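Read top to bottom, the protein sequences are chains B and D. Under the numbering used here, the very last position in the first sequence is 920; numbers go up by exactly one each time. Under the numbering used here, the very last position in the second sequence is 202; numbers go up by exactly one each time.
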Amino acid sequence: MLSDDQVNEIIIEVENVPSRVVPEKTPVNSSFSMVSSISDVNVTDSQSFSSPHDKKSKQLLRFSTSLNESFSQALHSRRSVGIDTPCTSHENIQGQKLIASLIPMTSRDRIKAIRNQPRTMEEKRNLRKMVDKEKSKHSHRMFELNCCAQCLSSISRAYRRSKNSLSELLDYISLWQKTLKVIGSKFGTSVLSYFNFLRWLLKFNIFSFIVTFSFIIIPQFTVAEKNTLQFTGLELLTGAGYFRDTVMYYGFYTNSTIRHGNGRASYNMQLAYIFTIGACLIICFFSLLFSMARYFRNNFINPHIYSRGIAKLIFCWDFTVTNETAVKLRQKNLSTEIRENLSEILQENVKLTLNQQLIRLSAHLAAWFVSTGVAVACCVAVYYLAENNSEFLKNHKDPGAVLLLPFIVSCINLAVPRLYSLFRLVERYEMPRHEVYTLLIRNIFLKISIIGILCYYWLNIVAQAGEECWETLIGQEIYRLLLMDFVFSLADSFLGEFLRRLIGMQFITSLGLQEFDIARNVLELIYAQTLVWIGTFFCPLLPFIQMITLFIMFYVKNISLMMNFQPPSKAWRASQMMTFFIFLLFFPSFTGVLCTLAITIWRLKPSADCGPFRGLPFFIHSIYGWIDSLSKRPSYLWVVWIYQNLIGSVHFFFILTLIVLIITYLYWQITEGRKIMIRLLHEQIINEGKDKMFLIEKLTKLQDMEKRANTSSFTQERRDVEQPGALYVKEHDAAFDLRFRRSVQEENPKA
Amino acid sequence: MGNKQTVFTHEQLEAYQDCTFFTRKEIMRLFYRYQDLAPQLVPLDYTSCPDVKVPYELISSMPELKDNPFRQRIAQVFSEDGDGHMTLDNFLDMFSVMSEMAPRDLKAYYAFKIYDFNNDGYICAWDLEQTVTKLTRGELSAEEVSLVCEKVLDEADGDHDGRLSLEDFQNMILRAPDFLSTFHIRI
Chain B
170 MLSDDQVNEI IIEVENVPSR VVPEKTPVNS SFSMVSSISD VNVTDSQSFS
220 SPHDKKSKQL LRFSTSLNES FSQALHSRRS VGIDTPCTSH ENIQGQKLIA
270 SLIPMTSRDR IKAIRNQPRT MEEKRNLRKM VDKEKSKHSH RMFELNCCAQ
320 CLSSISRAYR RSKNSLSELL DYISLWQKTL KVIGSKFGTS VLSYFNFLRW
370 LLKFNIFSFI VTFSFIIIPQ FTVAEKNTLQ FTGLELLTGA GYFRDTVMYY
420 GFYTNSTIRH GNGRASYNMQ LAYIFTIGAC LIICFFSLLF SMARYFRNNF
470 INPHIYSRGI AKLIFCWDFT VTNETAVKLR QKNLSTEIRE NLSEILQENV
520 KLTLNQQLIR LSAHLAAWFV STGVAVACCV AVYYLAENNS EFLKNHKDPG
570 AVLLLPFIVS CINLAVPRLY SLFRLVERYE MPRHEVYTLL IRNIFLKISI
620 IGILCYYWLN IVAQAGEECW ETLIGQEIYR LLLMDFVFSL ADSFLGEFLR
670 RLIGMQFITS LGLQEFDIAR NVLELIYAQT LVWIGTFFCP LLPFIQMITL
720 FIMFYVKNIS LMMNFQPPSK AWRASQMMTF FIFLLFFPSF TGVLCTLAIT
770 IWRLKPSADC GPFRGLPFFI HSIYGWIDSL SKRPSYLWVV WIYQNLIGSV
820 HFFFILTLIV LIITYLYWQI TEGRKIMIRL LHEQIINEGK DKMFLIEKLT
870 KLQDMEKRAN TSSFTQERRD VEQPGALYVK EHDAAFDLRF RRSVQEENPK
920 A
Chain D
16 MGNKQTVFTH EQLEAYQDCT FFTRKEIMRL FYRYQDLAPQ LVPLDYTSCP
66 DVKVPYELIS SMPELKDNPF RQRIAQVFSE DGDGHMTLDN FLDMFSVMSE
116 MAPRDLKAYY AFKIYDFNND GYICAWDLEQ TVTKLTRGEL SAEEVSLVCE
166 KVLDEADGDH DGRLSLEDFQ NMILRAPDFL STFHIRI
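Right, here's the structure in full:
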């Protein structure tokens with residue numbers, strides 16, 4: 170099908186539309202892969218980067234048929250000066266289609282769609298104007314719905330405006346934007362992720378504090394009894410003494426129903442206490458769940474396609490780094506990493522002998538054995554220390570002696586993770602990220618076991634020892650642990666890192682500056698947050714204390730970072746790591762907290778003469794009592810019904826669990842089906858490429874034959890092609906001056 | 016709501032707000048940053064839509080772009096004529112795409128254009144060589160550079176035509192979830 174134009178041109182268009190394997194929802198990017206070398210015609214791609222001498226294309230606005238196809242078509246839509254008319258009408262049809270697809274959307278979706286268009290500002294503005302014009306034309310026709318539609322549109326506009334101003338306000342009070350920018354500019358996204366995590370945890374604590382402050386602390390202030398104890402400075406560290414009879418601890422709260430003004434408004438402190446703590450935890454739970462789901466969705470798309478990562482190194486340059494020395498350093502580090510990656514790839518084919526594999530396996534097993542053994546030993550030590558602590562305290566009347574247990578726990582938390590890092594010298598891993606994950610798992614196991622053993626001790630021994638006000642005692646213990654942890658972190662930042670810098674710069678200069686250990690610092694944050702969540706029940710002011718702690722830690726870590734650290738040398742997969750950290754925050758940490766509190770509320774006997782639940786056989790009996798009192802009032806029977814049939818009923822939970830399991834199973838099967846689809850489509854892409862190569866070879870042979878047959882008929886105009894890539898040059902030579910149009914159905918029998 | 020700014024008309028500001036990921040306040044802040052680059056050139060009144068372009072040299076002197084190895088390509092991709100001189104529209108567009116609210120596909124599209132040095136719609140081996148050279152600042156030898164380009168094409172080229180199309184690039188970005196946070200300029 171040679172057309173007799175003044176320039177004989179044949180374009181090969183291979184349309185990559187899978188014919189039978191068409192999934193319903195995945196956007197079908199019909200990309201026209203152009204393999205053509207056109208003599209006179211400028212191959213311009215889209216307005217954004219048209220060649221400088223093709224200004225005519227600017228007048229024509231090109232849109233794509235659907236929003237999903239806009240990307241590849243924007244890149245590949247051909248603009249030819251010679252072949253004008255069919256193109257412009259084609260473009261206009263596409264433009265109409267896009268506008269038509271935008272009109273029926275709600276204004277929020279429309280704005281989102283316009284924003285996501287890969288077009289220049291002018292095009293987007295014109296698109297918006299056109300859509301608005303069409304929309305008003307349509308709405309003129311519909312008189313009946315005019316009133317409602319206008320109402321709704323004005324409401325939605327007002328809502329959008331208020332949302333914008335709210336987000337502006339939030340930006341205004343958003344903490345530390347400038348500081349984060351400075352950190353990011355020097356150290357990059359990976360270190361920034363630690364500070365973002367800290368800021369995110371701060372939001373949790375601010376929220377918990379606001380809720381507890383409004384609903385239990387303020388009411389308690391109104392009926393506060395006078396504090397007869399003396400204040401000495403040591404209380405700030407030990408939490409005992411003067412603080413025992415303040416709103417800080419559970420024991421201070423009244424169990425009465427607060428009445429003001431002749432019984433008009435009554436406030437049941439018992440219910441308020443349990444519901445407030447419950448509400449805090451439930452909202453934290455959902456917030457964690459949604460964050461985790463969002464991170465999973467963004468970051469765990471195709472985990473089974475693992476690449477060696479050299480493409481990632483090249484294309485994921487960190488644009489947030491703007492400091493000159495940091496950029497130079499990063500470039501140097503990138504070169505080193507690329508070299509390492511290349512050598513890994515070259516060595517990849519080297520298989521290990523059986524002997525070497527056995528040695529590696531035994532090294533791993535030994536390391537795991539030792540690390541688990543150390544963790545268990547630490548737990549046992551902590552347990553015995555806790556048990557003997559009470560006797561020790563009776564013998565030594567020094568009020569500072571209570572700090573011994575927190576001190577030992579903090580020392581363990583300081584020393585053992587560094588011991589685990591030393592295992593790196595013995596163990597060898599195939600992939601560096603296995604090393605990071607193993608270290609993280611060992612550390613989290615240590616920290617969670619220590620918290621676990623302490624909870625066991627508190628709930629089984631302290632709570633049932635018959636001591637007066639055991640909840641306050643537990644609250645004080647948690648406060649001390651938290652504070653000692655904070656003091657150790659401060660000491661580490663001020664002294665430890667500073668000393669390390671002195672050593673690295675002055676004495677052993679080969680060491681150089683250290684790098685910020687993101688994993689260890691994040692785990693410390695998770696540990697502290699777990700303690701806060703457990704402790705909120707026994708010490709309602711704990712979120713406030715943690716808020717102040719995090720605030721101070723941010724500035725301390727920031728200053729230490731700027732002074733004592735150098736930017737990271739290796740690529741750190743910040744997004745995957747963040748997902749893992751949030752998962753850790755949810756799975757051992759928050760679920761452990763829920764278990765502990767569940768055991769407390771359902772199984773333990775409150776102390777007899779302090780706190781809001783004094784005298785009850787179990788904490789949960791406050792709820793039972795409330796339901797009983799409600800069942801006597803006829804207007805609240807629906808609450809009683811909900812409680813008895815939905816919350817208290819086994820059948821309901823059984824059916825709910827069954828439904829959830831069925832849905833999970835169905836989604837799992839859908840995911841499996843999609844994975845198979847992805848694999849098939851991937852294979853299809855590879856086959857298309859092979860077909861393309863095959864066709865090009867055939868064409869060259871054809872062309873050679875024809876050239877030999879008619880040497881004089883064809884004019885050979887060679888266009889200077891700048892791209893020197895070998896394959897590309899070959900393609901150009903092969904397909905030059907040839908233009909065919911074929912559809913894929915004929916050439917792809919494998920679909 | 017009650018902003019007493021005289022730079023833009025209300026409609027202009029609304030249009031900017033709808034076409035970028037920025038709020039009104041951020042747009043004004045960006046305008047003043049733009050104006051600071053060339054105070055003599057950029058008028059303080061944009062209601063008449065003046066046709067003003069800030070030259071590339073001033074754009075590349077911004078602290079956010081000054082040391083970026085790809086600053087020239089970024090300016091070229093987002094400028095109207097591909098020469099690096101940017102109008103206010105281009106400027107806002109650029110920072111809107113590079114902000115943290117832009118979705119992955121949009122960022123991948125523009126990243127693809129930035130790395131496509133010869134503007135032919137594909138990232139071929141030559142483009143990759145340019146990218147790697149800019150990234151490593153001459154630390155790697157020529158052999159290493161070509162080896163790297165080969166490996167990248169091996170990994171990412173789905174249809175084996177010797178160069179990366181937009182789909183290949185997007186597919187590869189899916190496997191690199193860090194892309195969303197690293198392709199981000201904070202202003």
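A virtual CB, placed ideally from N, CA and C, is assigned to each residue, including glycine. Computed from a predicted model, the values in this text were never measured in an experiment.
- For the pair Ala53 (chain D) and Ile42 (chain D), the Cα-to-Cα distance works out to about 17 Å.
- The beta-carbon of Arg48 (chain D) is placed no less than 9 Å from the nearest beta-carbon of chain B.
- Taking a 10 Å sphere around the C-beta of Val819 (chain B), we find fewer than 16 other C-beta atoms and assign the residue as exposed.
- The region 564-583 of chain B makes contact with the region 638-656 of chain B; the number of CB pairs closer than 8 Å reaches 3 or more.
- From the beta-carbon of Val167 (chain D), the residues of chain B found nearer than 7 Å are Ile479, Ala480 and Ile483.
- In this structure, Met113 (chain D) sits near Phe198 (chain D), with a CB-CB distance shorter than 9 Å.
- At a Cβ-Cβ threshold of 9 Å, Asp108 (chain D) and Thr491 (chain B) do not count as neighbours.
- In this structure, DSSP gives Asn856 (chain B) a helical state, which the three-state scheme calls helix.
- Rounded to the nearest angstrom, the Cβ distance from Arg329 (chain B) to Ala30 (chain D) is 14 Å, too far for a contact under 8 Å.
- Between the alpha carbons of Leu623 (chain B) and Val762 (chain B) lies a gap of roughly 12 Å.
- According to the DSSP assignment, Ser435 (chain B) belongs to no alpha helix (DSSP H) but to the beta strand (DSSP E) extending over Ala434 to Asn437.
- The CB of Arg86 (chain D) never comes closer than 9 Å to any CB in chain B; the least such distance is about 10 Å.
- The beta carbon of Gln32 (chain D) falls within 9 Å of a beta carbon belonging to chain B, placing the residue at that interface.
- Counting of Cβ neighbours within 10 angstroms places Gly842 (chain B) among the exposed residues, the total staying below 16.
- A direct Cα-to-Cα measurement between Arg48 (chain D) and Ser343 (chain B) gives close to 21 Å.
- When Cβ-Cβ separations below 9 Å define contact, Gly99 (chain D) makes no contact with chain B.
- Chain B places no beta carbon closer than 9 Å to that of Ala90 (chain D), leaving this residue out of the contacts.
- Not a single C-beta of chain B is nearer than 9 Å to the C-beta of Pro70 (chain D).
- Excluding its 5 nearest sequence neighbours in each direction, Ile770 (chain B) has C-beta neighbours in its own chain below 8 Å: Ile443, Phe787, Phe788 and Ile789, listed in chain order.
- Between Leu572 (chain B) and Leu406 (chain B) the beta-carbon gap is near 6 Å, inside 8 Å, which marks them as a contact.
- For Pro388 (chain B), the uninterrupted alpha helix (DSSP H) run begins and ends at Ile387 to Thr391, by DSSP.
- With 16 or more other CB atoms across the displayed protein chains lying within 10 angstroms of its CB, Asp135 (chain D) is buried.
- Interface criterion met: the Cβ of Ser111 (chain D) is under 9 Å from a Cβ in chain B.
- With a threshold of 9 Å between beta carbons, Leu28 (chain D) makes no contact with chain B.
- Residue environment analysis places Glu493 (chain B) among the exposed positions, since fewer than 16 neighbouring C-beta atoms fall within 10 angstroms of its C-beta.
- Runs of alpha helix (DSSP H) with 4 or more residues, each lying fully within the region 799-870 of chain B, are found at 806-811, listed in chain order.
- For Thr426 (chain B), the beta-bridge partners assigned by DSSP are B:Asn437.
- By the rule that beta-carbons nearer than 9 Å mark a contact, Val360 (chain B) does not touch chain D.
- With a threshold of 9 Å between beta carbons, Asp66 (chain D) makes no contact with chain B.
- In the structure shown, Gln735 (chain B) adopts extended strand secondary structure according to DSSP, grouped into three states.
- Under DSSP, Met101 (chain D) takes part in a beta bridge, and its partners are D:Val69.
- Among the residues facing chain D, Met862 (chain B) is included, as its CB has a counterpart in that chain under 9 Å away.
- A Cβ-Cβ contact shorter than 9 Å links Gln145 (chain D) with Phe132 (chain D).
- Residue state for Gln683 (chain B) is assigned as strand, using DSSP reduced to three classes.
- Contact of Thr21 (chain D) with chain B is not assigned, every C-beta pair being separated by 9 Å or more.
- Look at the beta carbons and you see the region 522-540 of chain B not touching the region 181-191 of chain D: under three pairs across the two are nearer than 8 Å.
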